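Below is one structure; the comments refer to it alone.
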Amino acid sequence: MKPYCLIDHTADLGLEVFGKTGEELFANAASAVCELMLDIENPEPTAVREISVEGTDREDLLVNFLREVLFLFNGEKMVPTSFIIEELDDRHLRGKVRVAAYDPARHRVKREVKAVTYHGTEVVETPTGWRARVIFDV
Amino acid sequence: MSEIRLQKLDDYRWLIPPTGGMRVPGLIFSSEKMMEEAGKDESPRQVANVACLPGILRYSFAMPDMHWGYGFPIGGVAAFDLKDGVISPGGVGYDINCGCRLVATKLRFEEIRERLQDLVVALFRNIPSGVGSTGPLKLSTEEEKDVLRYGARWAVKAGFGTEADLETTEDGGRIGGADPERVSKRALERGREQLGTLGSGNHFLEVEVVEEVFDEEAAAAFGLEVGQVAVLIHSGSRGLGYQVCDDYLALLVKGIPSLGFPLPDRQLACAYLDSQEGRDYFAAMACAANYAWANRQMLMHWTREAFEKVLHKSPVELGMRLVYDVCHNIAKFEEFPLEGGDVKVCVHRKGATRSFPPGHPAVPAVYRRHGQPVLIPGDMGVGSYVLAGTEKAFRETFGSTCHGAGRVLSRAQAVKASRGRSIPKEMKERGVIVMAAGKGTLSEEIPEAYKNLDEVVNVVHEAGLSRKVARLRAVGCIKG
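The listed protein sequences correspond, in order, to chains A and B. The numbering of the first sequence is my numbering, which starts it at 12 and goes up by one. The numbering of the second sequence is my numbering, which starts it at 5 and goes up by one.
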C-alpha cells in the first residue's frame, strides 16, 4: 500500500502521508509529491544531492523541505528518485536525495505542482506512527 | 464543515456578521443554488479569516465563483488602508497576474469552419504549452529584468505586437514600482526559459465565436458582433510568479510573531504596506505582473501568426485586434470614493476581475462611455462572457467582479468522473476541437468540474457588479 493518499480539496491537491518515524514521514511526503508530478519508470539516479532545511516548527519544516524538493524539479530540472533523511528534529532536517537529470524521453510529467501551501498543514505523532497533511497549488 | 453564520441579505448577497477576530463583516455575492454548495466547503471560513487582517476596509468580499482556496478564498476581494493595512502574497496567489485577453478578428465563423482543425493544430504547434514547456527566446538576465520592468511594453518593443495593443491592456500592460532586484535568483531562473509559454492546468487558448450580444452599443464599441471569430488567451506569470509568491510567503511566515495580531492561517502571512517587507513584496509582485503581460502579449503575437499562416490572409484582412486584457490575481493601488472623499487603497483581487465604470480615466478612451471590458472565461469548451464595468462595483466592491466559473469538483473527483470517457471525443460532439499537451489535464478540467458560467455571470449582472455585453462559444481549444 502507498504511504499516502489524496485529500479532496476543490481547487488544489491535498496529501495525507504516513510514516513509522518522522524521518520516514518526511521521505514519504517527498516521494509522494514526486509521484504526483512525474512518472518515473526506471529511476537511474546519476547524482546525490545534500539537502539541509530549517523551520520554525515541524509544519514549517515540512513546507520548507517540500519547497526544496519542488525546486529540484521546477528550478533545476532534476528528477528526485529517492530520499534519505539522516537527521530530523522539530526545526532542522538534513538528508540526501538521489537525482537523475530530467529527460523528457524517459520521464513523463503528469502535472504541474506550482507550490506547497501552509494552508491546513499538519504534522502529528500518533501512537501508531506519524501522519502529515499538506495542500499543494496545482 | 464550516460553522460560519451566513445571513441572507437579498437574492444575491450573504453577510457574515463579524465575530471573533473579524474587523469587518464578510460579504458573499452568490445565488441560493450556488450557496447550497459553497456553504459546504471552507470558503466562507476563509472569507471570515481575511476579515481578521488589519486595515481591511468595509468588507471581506467573495464573488459568486468563490471556492475553497488556501488563505484567501478564490474569488476573494479585500482592500486595505495604506497606513494601517497589509499586503499578502496569499491574497494575490501563486500565479501573479493570471489573466485573460480577448482578440477579435474580422472573420466570420463560416470563413474558418472548414479550416478549424488546421487552425487548432497550428496554434498548438506555434504556442508552447504544457508542464515545464520552454519558450523560443533565450534571454540574458539583463533582458529578463527589462521584461520585469516594462511588461507588455517590452514585448511590443521586441516586435511582438503593436502600440495599439497596449492601449487596451489593463494598466497599459505594465504596473509601476517593479524592481527586479527584489526578485530572487530562483525566480529569475525559472522565468527565463518560460517566457512565451501558455502553461498547464486551467490555462488555455480558445478559438471562439460571438454567439449572443446583450448590449448592442457596448458590443459595437468593443468591436464585437454575432458570428464573429475571436480568440481568448488565459495564462499568467508561469514559474516566475509562483516562485515570487513562494519566496515572500517563506519570508513573511517568519515575521508572523512580530505582526502583533493572531493570524488564523499561516497562508495569510502578510506585511504592513508601510514596511520594508511590504514594499519589497509589492516591487517583486509588480515584476511578476509585468512578466505575465509580456507573456500574454507574445502568445497573442504567435496566435496572429498562426492565423495568417493557415488562412493565407494578411494582418489587415484578419484585423486581429486586442479587445482587452485583464488580470485576475493581483494587488494594486487604486483610488475609490470612501467616506470623506477619494482614497487610495491596496486592493487584492484573488480570482476576481477589475470592473471599472463608464467615465473612469483608467478605461481606454474608445470604451470610456461603456465601462471597462471585463473578460470572464468559462471552463474548457464552454466559451466566455464579455461584461462591462459599473459604477456600482466601483462604489461597493472596490471596482471588482467575478473571474470565471469556479471549481465545484476537486481534481480527484473530476478524474474519477472522467474515467472511461474520451474527453476530446465528447468535446468534438459539442462542436469543440480540443488539443492538449498533457492527458491528465483534460480529465481534471472536464466541464462538470466547474460551476455553471451562466449562473455565475447572472449573479454579477443582477447584483450590478458588471453588465452583460456578449457571450462567446468555444469552437477550438488548446490546453497545456
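For every residue, glycine included, the Cβ atom is placed at its ideal position computed from N, Cα and C. These numbers were taken from a predicted model, which means no experiment stands behind them.
Legend entry - Per-residue burial, M5 of chain B [other beta carbons within 10 Å of its own, 16 or more giving buried]: For M5 of chain B, the pLDDT reaches just 39, beneath the cut-off of 50, and the residue's location in the model is therefore unreliable, leaving the point undetermined.
Legend entry - Bridge partner(s) assigned by DSSP for R17 of chain B: Answer is B:D14 and B:F33, bridged to R17 of chain B.
Legend entry - At least three beta-carbon pairs within less than 8 Å, the stretch 48-55 of chain A to the stretch 25-38 of chain B: No: fewer than three Cβ pairs fall under 8 Å.
Legend entry - Start-to-end residues for the beta strand (DSSP E) that takes in G106 of chain A: Where G106 of chain A is concerned, the enclosing beta strand (DSSP E) stretches over H103 to A112.
Legend entry - Every unbroken beta strand (DSSP E) inside the stretch 203-230 of chain B [3 residues or more]: Qualifying beta strand (DSSP E) stretches, in chain order: 208-217.
Legend entry - Which of helix, strand or coil DSSP assigns to S404 of chain B: It is a strand residue.
Inset, instruction - Take H465 of chain B as the anchor and find which of B:R325, B:L342 and B:Y389 has the nearest alpha-carbon. - result: Nearest C-alpha to H465 of chain B: B:Y389.
Inset, instruction - Using a threshold of 8 Å, state whether the C-beta atoms of N299 of chain B and L199 of chain B are closer than that. - result: Contact: yes.
Legend entry - Sequence-distant residues of the same chain with beta carbon closer than 6 Å to K336 of chain B, five excluded per side: The beta carbon of K336 of chain B lies closer than 6 Å to those of V351 in the same chain, with the five residues before and after it left out.
Legend entry - Residue-chain proximity (A225 of chain B, chain A), Cβ-Cβ < 8 Å: No - not a single Cβ of chain A is within 8 Å of the one on A225 of chain B.
Inset, instruction - Name the two residues that bound the continuous alpha helix (DSSP H) containing G79 of chain B. - result: Judged by DSSP secondary structure, G79 of chain B falls outside any alpha helix (DSSP H) and instead within the beta strand (DSSP E) spanning F76 to D85.
Legend entry - Whole-number beta carbon distance between T445 of chain B and L490 of chain B, since they are thought to touch under 8 Å: The structure shown does not extend to residue 490 of chain B, since chain B is modelled only from 5 to 484, so the question has no answer here.
Inset, instruction - For T137 of chain A, name the three-state secondary structure that DSSP assigns. - result: Judged by DSSP in its simplified three-state form, T137 of chain A adopts strand.
Legend entry - chain A residues whose Cβ lies nearer than 9 Å to that of K4 of chain B: Nothing about residue 4 of chain B can be read from this structure; chain B reaches only from 5 to 484.
Inset, instruction - Counting only the same chain and skipping the five closest in sequence on each side, list residues whose C-beta sits under 7 Å from that of V149 of chain A. - result: D23, L24, R122, E123, V124 and K125, listed in sequence order.
Inset, instruction - Please determine if the stretch 81-93 of chain B and the stretch 266-281 of chain B are in contact, where contact requires at least 3 C-beta pairs separated by less than 8 Å. - result: The stretch 81-93 of chain B is in contact with the stretch 266-281 of chain B.
Inset, instruction - Quick one: list the residues of chain A neighbouring C249 of chain B, beta-carbon separation under 8 Å, in chain order. - result: What C249 of chain B touches in chain A: A126.
Legend entry - Within chain A, partners of S447 of chain B - CB distance below 8 Å: Ordered by position in chain A, no residue passes the 8 Å Cβ test against S447 of chain B, which lies about 11 Å from the chain.
Inset, instruction - Please classify K472 of chain B: is it buried, with 16 or more other beta-carbons within 10 angstroms of its beta-carbon, or exposed? - result: By the 10 Å Cβ count, K472 of chain B comes out buried.
Inset, instruction - Apply the 10 Å Cβ neighbour rule to Q121 of chain B and answer buried if 16 or more other Cβ atoms are within range, or exposed otherwise. - result: So Q121 of chain B ends up on the exposed side.
Inset, instruction - Assess, as a yes-or-no matter, whether the stretch 292-311 of chain B is touched by the stretch 158-176 of chain B under the definition of 3 or more beta carbon pairs within less than 8 Å. - result: The stretch 158-176 of chain B is in contact with the stretch 292-311 of chain B.
Inset, instruction - Starting from the beta carbon of E193 of chain B, find every residue of chain A whose beta carbon is closer than 9 Å, and list them in chain order. - result: Under the 9 Å cutoff, chain A gives G86 and E87.
Inset, instruction - Please name the residues in the stretch 102-132 of chain A whose beta-carbon is closer than 7 Å to at least one beta-carbon of chain B, in chain order. - result: Those residues of the stretch 102-132 of chain A that come within reach of chain B (Cβ to Cβ, closer than 7 Å) are V120, K121, R122, E123, K125, A126, T128, Y129 and H130.
Legend entry - Y246 of chain B versus W297 of chain B: straight-line alpha-carbon distance, rounded: Approximately 15 Å between the Cα atoms of the pair.
Legend entry - Nearest residue (CA-CA) to M39 of chain B, options B:W18, B:C56 and B:Q50: Answer by Cα proximity: B:W18.
Legend entry - Residues from the stretch 401-432 of chain B in contact with chain A, defined by Cβ distance under 8 Å: Against chain A - using a Cβ distance shorter than 8 Å - the residues of the stretch 401-432 of chain B are R411, V412, L413, S414, R415, A416 and Q417.
Legend entry - Per-residue DSSP class, three states only, for F29 of chain A: Taken through DSSP and simplified to helix, strand or coil, F29 of chain A comes out as strand.
Inset, instruction - Excluding the 5 residues preceding and the 5 following L111 of chain B in the sequence, name in chain order all residues of the same chain whose CB lies nearer than 6 Å to its CB. - result: Residues of the same chain with a CB within less than 6 Å of the CB of L111 of chain B, apart from the 5 flanking positions on each side, are V233 in chain order.
Inset, instruction - Could you name the residues of chain B that R19 of chain A contacts, counting a contact when the two beta carbons are closer than 7 Å? - result: Going by the sequence as given, residue 19 of chain A is Asp instead of Arg. What D19 of chain A touches in chain B, judged by beta-carbon distance under 7 Å, is S414, A416 and Q417, going in chain order.
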